[in-house]
Structure formats: structure tokens, C-alpha cells
Amino acid sequence: MNKFDRITAILIHLQSKRLVTAQELSDRFEVSLRTIYRDIESLNNAGVPILGELGVGYSMMEGYRLPPVMFTQEEAIAFLMAEKIIDKYADTDNNRHFQSALFKVKSVLRSGEKNTVEEIGNRISVIKSSEKSIVVDKTLPLVLRSVTDKEILQMTYTVLDSSNSRTILIEPIGIYNENGVWSTIAFNHDTGSYRHFRIDRTSQIRLTGKPFSKEHFSLKEYFESLKKKETIYRPVISINKEVAHYIEEQKYKYGFINQQEKGNEIEMTFETTCLQTFARWFITIADNAKILETNDLKALLKDIVAGISKNL
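Letter by letter, the sequence shown follows residues 0 to 311 in numbering that gives the first Met the number 0.
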């Protein structure tokens with residue numbers, strides 16, 4: 000980071016908190032305390048009203064704001080909650096970019112709001128799942144740059160295992176996250192069709208410098224077209240009220256729509272395009288649940304159970 004960028008970042012950092020120590024700035028920008036003192040002096044000489052107290056730290060004169068943008072306390076807290084999640088689940092580059100953006104948000108808060116945000120920040124925690132992180136550093140930003148610049152992307156993609164990898168050229172139309180897994184929808188030059196590619200199965204990814212071969216529809220349009228082509232099933236199940244809370248979170252992964260209580264049972268309605276997946280999930284609760292609709296689901300479950308019985 001050059002001197003100009005560092006001094007600009009220091010100015011934003013100073014506005015993000017009520018008090019900032021020289022050591023804190025030194026640690027963040029990885030420069031000596033002497034360099035920080037010189038940078039603060041440069042800002043003072045430029046007319047920036049920085050107040051300093053020995054042994055306490057630096058602060059900006061109340062009322063001095065750059066840029067002239069204001070956020071409410073509620074908006075700042077929303078950013079703070081996002082920070083906690085991104086810190087645990089985003090890749091290194093995106094985390095760094097978000098932290099830089101958050102400093103800019105905090106920089107325009109009033110002193111009282113800064114104190115509130117700092118206090119709340121110490122009372123919010125996100126515990127990372129034990130599952131391995133599936134985001135590869137710099138991969139998502141490269142895919143998004145390919146989308147915005149309309150530039151063909153080359154990558155090595157692994158279908159099932161490392162012995163089945165191939166290098167392909169794709170034209171991404173967007174990215175999406177489903178059940179914690181990032182994927183991209185892209186036009187595949189090899190097949191001449193649109194395919195789903197999991198980000199965690201990509202490697203050696205790079206921009207080719209060559210423009211897209213054609214115009215593509217948006218990600219929203221792509222998903223809407225899929226809905227028109229796919230068969231939508233609407234299973235209805237009844238589950239014992241005493242065990243219903245065990246699936247309170249996971250039911251949303253399988254197309255939960257609504258529910259209603261009927262005595263000691265809860266009737267739940269789902270919508271899914273993959274009855275096979277739904278059926279295999281239903282087996283995990285089958286001893287405490289009944290199928291009210293559909294017959295297709297009942298027939299599929301009988302086949303699955305028959306297959307299980309053969310292997311016992």
C-alpha cells in the first residue's frame with residue numbers, strides 16, 4: 000500500500016471509532032509507530048482536525064465527516080451482523096474487502112452510535128460449522144469479474160474425483176449459494192449448453208481475455224425457465240407434534256411451504272422438483288410421520304425400502 004492510500008485509509012479508520020491508538024493503526028497497516036505519527040501529522044497539516052491525547056489515542060473533532068453520508072444505528076448494526084458471518088464463512092479476499100467497506104460505514108457514525116456499535120459487536124458471535132470451507136480464495140471474485148466484463152473463463156473442473164478432471168472454457172451468467180455451497184451457472188463451450196458448476200470443484204481458474212461468444216440471459220431468467228420445464232411435486236405429510244421441532248430447520252431445505260396443527264399432529268405441505276431427494280429425507284422421520292399426499296411419493300418410498308431390505 001502506498002503512502003497516499005494508507006493516509007486515506009487512516010482517515011477513514013479514525014472516523015470509524017471514537018478513539019484510535021497509534022498501535023492499532025500500526026498493527027492494521029503493518030508499519031512502524033514512527034510512520035503512523037508522520038501520517039497523522041500529514042493529515043493535521045492538510046487541515047484534518049485530529050485530536051490527540053498522550054496515552055489515550057486519536058479522535059476526530061465531532062462533526063467532521065468524510066464523505067457526507069449518514070447511516071442509522073439500525074443499519075450499522077445490520078452491517079455488524081453481516082461482518083460476523085462473513086468473517087467466518089467468506090474467503091480471505093472477500094472478507095478483506097468487506098472489512099474495508101465496514102470501516103467506511105463506521106466512519107460516518109456519530110460518537111454515541113460508535114459506542115453502541117462497539118458494545119453490540121462484543122455481544123454477537125457466530126460459531127463456524129465444522130464442515131470444511133468450500134470457497135476457494137479469489138475464485139468467486141474471478142467468476143463475478145467474468146460475468147461483469149463478459150470475458151471467457153478457463154478452469155479445471157473435477158466432476159467426481161481428482162482422476163476425472165478436465166480443463167474447460169465457460170461463460171458464467173451468475174453465482175448462487177444453496178445449502179452453503181457456491182455454484183455458477185455457465186455456458187459450457189465443450190457441450191454448447193448451460194451447466195451448473197460447483198465452485199469447490201474448480202482449480203487453476205483464469206480469465207482468458209476473450210469476449211463472450213454470445214449474449215446470455217440473466218440468472219433470474221434462467222431459474223424461471225427451469226421452473227417452467229420441471230415437474231413440481233406437492234407432498235403433504237403429517238408428523239407427531241412431539242418430534243416436529245426436530246425438523247424445524249431442515250424442513251426448509253426440502254421445500255417447506257406451510258403447516259397447520261390437527262390435534263397431536265402437524266400437517267406440513269412441501270413443494271419440490273426432486274421427489275427422490277424428498278423421499279430419502281422422509282425416511283429419516285418415517286417412524287413418526289405419515290404421507291397424506293402424493294401417491295408418487297408412496298410408490299417411490301416402497302421401492303427405496305425394498306432396496307434397503309435386500310441389503311439387510
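Quick reminder that beta carbons are idealized off the backbone N, C-alpha and C, glycines included.
- Annotation for S237: no alpha helix (DSSP H) segment contains it, though the beta strand (DSSP E) segment containing it runs V235 to N239.
- In chain order, I238, N239 and V242 place their CB closer than 7 Å to the CB of N287, counting only its own chain and leaving out the 5 sequence neighbours on each side.
- Going by DSSP, S182 is part of the beta strand (DSSP E) stretching over V180 to N187.
- The Cβ neighbour count for F281, taken over all protein chains shown within 10 Å, is at least 16; the residue is labelled buried.
- In this structure the segment 8 to 15 lies against the segment 94 to 109, because at least three pairs of beta carbons, one per stretch, are closer than 8 Å.
- Comparing C-alpha distances from M60 to each of V47, G54 and H195 shows the shortest one belongs to V47.
- The C-beta distance from V19 to Y57 rounds to 5 Å, short enough to fall under 8 Å.
- Per DSSP, T201 is one residue of the beta strand (DSSP E) stretching across T201 to P210.
- Minimum Cα-Cα distance from L79 among the listed residues C273, N93, D92 and F97 corresponds to F97.
- A residue is called buried once 16 or more other Cβ atoms fall within 10 Å of its Cβ, and Y156 is buried on that count.
- Secondary structure of V30 (DSSP, three-state): coil.
- For K261, the CB contacts under 8 Å within the same chain, skipping 5 residues up- and downstream, are S237 in chain order.
- Assignment of T268 by DSSP, reduced to helix, strand and coil, places it in the strand class.
- A direct Cα-to-Cα measurement between S217 and A185 gives close to 11 Å.
- At the C-beta level, I169 and H188 come within 8 Å of one another.
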